[in-house]
Amino acid sequence: MESSNKYGRIYHEICNGFSKQLLNNDYIYFKHPTLSEHFSQYYNYELYLENGRKKGLLSEKEKIEQAIEGNWWSSENESNINFLKLTIDNLYKTKSKLILPSQKKEIHKDIKKNEAILLSYAKQRNEIVGYCLENYATKCLTGELLINFIYSDENFQNKIFKNKDEYDNLSENELNKIENYFNIYSSLFTIQNLKCVAACGFFQNLVYLNEDAYSFWGKATTKCTKYQIDLILYGKMYKNFIKNRSENSKPVEEEILSDPEKFVQLVDNQYQNGQSSNIPKEKSSQNAVSSLVGASKEDLKTLGVKIEKLKGKSLLELARENGGILEKSEYLNARENN
Numbered sequence: 061m062e063s064s065n066k067y068g069r070i071y072h073e074i075c076n077g078f079s080k081q082l083l084n085n086d087y088i089y090f091k092h093p094t095l096s097e098h099f100s101q102y103y104n105y106e107l108y109l110e111n112g113r114k115k116g117l118l119s120e121k122e123k124i125e126q127a128i129e130g131n132w133w134s135s136e137n138e139s140n141i142n143f144l145k146l147t148i149d150n151l152y153k154t155k156s157k158l159i160l161p162s163q164k165k166e167i168h169k170d171i172k173k174n175e176a177i178l179l180s181y182a183k184q185r186n187e188i189v190g191y192c193l194e195n196y197a198t199k200c201l202t203g204e205l206l207i208n209f210i211y212s213d214e215n216f217q218n219k220i221f222k223n224k225d226e227y228d229n230l231s232e233n234e235l236n237k238i239e240n241y242f243n244i245y246s247s248l249f250t251i252q253n254l255k256c257v258a259a260c261g262f263f264q265n266l267v268y269l270n271e272d273a274y275s276f277w278g279k280a281t282t283k284c285t286k287y288q289i290d291l292i293l294y295g296k297m298y299k300n301f302i303k304n305r306s307e308n309s310k311p312v313e314e315e316i317l318s319d320p321e322k323f324v325q326l327v328d329n330q331y332q333n334g335q336s337s338n339i340p341k342e343k344s345s346q347n348a349v350s351s352l353v354g355a356s357k358e359d360l361k362t363l364g365v366k367i368e369k370l371k372g373k374s375l376l377e378l379a380r381e382n383g384g385i386l387e388k389s390e391y392l393n394a395r396e397n398n
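Here is the structure:
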């Protein structure tokens with residue numbers, strides 16, 4: 061229910077084209093950018109980097125190189141940070157492909173352990189780097205976004221800040237509040253969250269009724285917000301995925317269809333591994349058995365697996381005796397002689 065409310069809220073705000081937040085008894089409105097405005101932000105970030113260069117600011121990379129030359133930091137520490145990032149990324153990918161809760165739990169422990177080590181390195185690194193070129197560019201860009209995309213009304217007629225001077229003269233306390241609300245709003249519209257909204261049943265129903273941007277959002281594509289465009293694209297992609305699976309007699313299970321996170325994970329894994337598989341059906345079936353080898357009773361209970369007994373032994377026990385794999389012929393032979 062909690063995730064359903066979350067995705068419903070995101071959809072509601074995307075429909076409106078803005079997010080709002082109560083500040084000092086009045087609402088402020090964060091206008092969602094169009095695709096053109098979105099790319100303009102990236103362009104302006106590059107301009108701020110150039111401006112910072114002219115001011116003599118060093119980049120993070122340059123500061124690290126400087127610190128290594130001065131023996132305040134080491135290339136070994138940099139290698140450790142890169143290795144930890146890669147390790148954590150791979151662990152998350154591995155976790156997404158596991159089906160046994162006990163295995164996921166173990167991977168989760170490894171992820172948290174490595175993230176804690178990475179955080180320790182990052183803190184030391186940040187203390188050495190200090191204020192750098194990227195910090196300057198990010199601060200300038202944030203200021204621009206707050207000036208241009210925050211309004212006092214939902215029709216976007218009155219900006220909170222009429223000009224840069226008003227923004228610069230705002231008290232640090234008020235500015236921190238607004239920046240915090242802006243960060244909360246921004247973090248809500250991640251790619252993962254947009255995918256999950258697109259995978260929700262209510263949105264899939266809408267996609268079946270409206271496929272083009274104008275009939276869906278009531279305006280031309282160039283006038284749609286970036287989130288509106290992303291959402292309908294993901295929605296159409298998921299609609300086609302479900303349709304193709306059904307047409308190939310491999311319909312997506314209802315349990316997955318009703319869970320946006322599981323559905324998105326299924327699709328992501330499918331595209332990462334390639335749409336088609338060269339594994340024969342017989343091998344695919346045996347892998348389904350072998351993938352459960354090592355499952356605990358709690359895992360099987362959670363997964364709803366019914367344990368079939370053959371000659372007094374379960375399929376998993378028979379599979380373990382055969383090196384983790386139970387051939388189809390062996391399974392049929394065991395059933396015949398049971």
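Quick note on my numbering: the sequence shown kicks off at 61 and runs consecutively. A virtual CB, placed ideally from N, CA and C, is assigned to each residue, including glycine.
Buried or exposed (CB count within 10 angstroms, at least 16 for buried), residue i
i       : result
Thr-282 : exposed
Tyr-102 : exposed
Asn-218 : exposed
Glu-342 : Residue confidence is low: Glu-342 scores 40 on pLDDT, short of 50, so the model does not pin down where it sits. Its coordinate-derived value is still stated next. Classification of Glu-342: exposed, given that the 10 Å Cβ count is below 16.
Leu-269 : exposed
Val-349 : For Val-349, the pLDDT reaches just 47, beneath the cut-off of 50, and the residue's location in the model is therefore unreliable, although a value from the coordinates is still provided. Per the 10 Å Cβ criterion, buried.
Lys-115 : exposed
Trp-132 : exposed
Ser-344 : Interpretation of Ser-344 is limited by its pLDDT of 43, a score under 50 that renders its predicted location unreliable; the figure taken from the coordinates is listed afterwards. Classification of Ser-344: exposed, given that the 10 Å Cβ count is below 16.
Residue from the options with nearest C-alpha to residue i
i       : options                            : result
Leu-201 : Ser-306, Gln-330, Phe-99           : Phe-99
Tyr-298 : Ala-258, Tyr-287, Gln-288          : Ala-258
Cys-256 : Lys-296, Asp-272, Ala-280, Tyr-241 : Lys-296
Glu-73  : Lys-183, Leu-206, Leu-178, Tyr-287 : Tyr-287
Ile-177 : Asn-137, Glu-166, Lys-164          : Asn-137
Val-204 : Asp-225, Glu-313, Tyr-181          : Looking at the sequence provided, one finds Glu at residue 204 rather than Val. Selected option, being the one with the closest Cα: Asp-225.
Asn-329 : Leu-144, Ser-180, Lys-155          : Lys-155
Asn-85  : Lys-279, Gln-264, Asn-229, Ser-212 : Ser-212
Phe-262 : Glu-120, Glu-187, Lys-80, Asp-319  : Asp-319
Leu-317 : Ile-159, Glu-307, Gln-264, Trp-277 : Gln-264
Leu-29  : Ser-162, Lys-169, Asn-65           : There is simply no residue 29 to check, as the chain begins at 61 and stops at 398 in what is shown.
Contact check, residue i vs residue j, beta carbons under 9 Å
i       : j       : result
Ile-124 : Arg-185 : yes
Phe-90  : Ile-171 : no
Cys-192 : Glu-239 : no
Ser-119 : Glu-194 : yes
Leu-235 : Tyr-245 : no
Ala-127 : Ile-188 : yes
Gly-112 : Cys-260 : no
Leu-206 : Phe-242 : yes
Distance, residue j Cα to residue i Cα
i       : j       : result
Leu-326 : Asn-233 : 44 Å
Ser-135 : Leu-291 : 42 Å
Asn-208 : Ile-88  : 13 Å
Asn-76  : Thr-94  : 13 Å
Ile-220 : Leu-82  : 13 Å
Lys-153 : Val-267 : 29 Å
Asp-272 : Asn-253 : 21 Å
Arg-305 : Ser-180 : 45 Å
Ile-167 : Lys-322 : 18 Å
Gly-130 : Ser-139 : 18 Å
Tyr-71  : Tyr-274 : 17 Å
Ile-289 : Phe-216 : 20 Å
Glu-97  : Leu-160 : 44 Å
Leu-158 : Glu-110 : 45 Å
Tyr-105 : Gly-278 : 32 Å
Val-324 : Lys-165 : 20 Å
Gly-190 : Ser-162 : 42 Å
Glu-314 : Tyr-331 : 20 Å
Val-312 : Lys-222 : 52 Å
Leu-230 : Leu-117 : 25 Å
Lys-80  : Glu-307 : 43 Å
Lys-66  : Ile-141 : 33 Å
Ser-64  : Phe-276 : 21 Å
CB-CB length for residue i against residue j, believed under 8 Å
i       : j       : result
Thr-250 : His-92  : Going by Cβ atoms, the distance from Thr-250 to His-92 rounds to 14 Å, so no, they are not a contact pair.
Phe-78  : Glu-214 : 6 Å
Leu-144 : Asn-174 : 6 Å
Ala-197 : Tyr-108 : 4 Å
Cβ-heavy atom distance, residue i to the ligand SAM, below 8 Å
i       : result
Gly-116 : Although the ligand SAM was asked about, the structure shown includes no ligands whatsoever.
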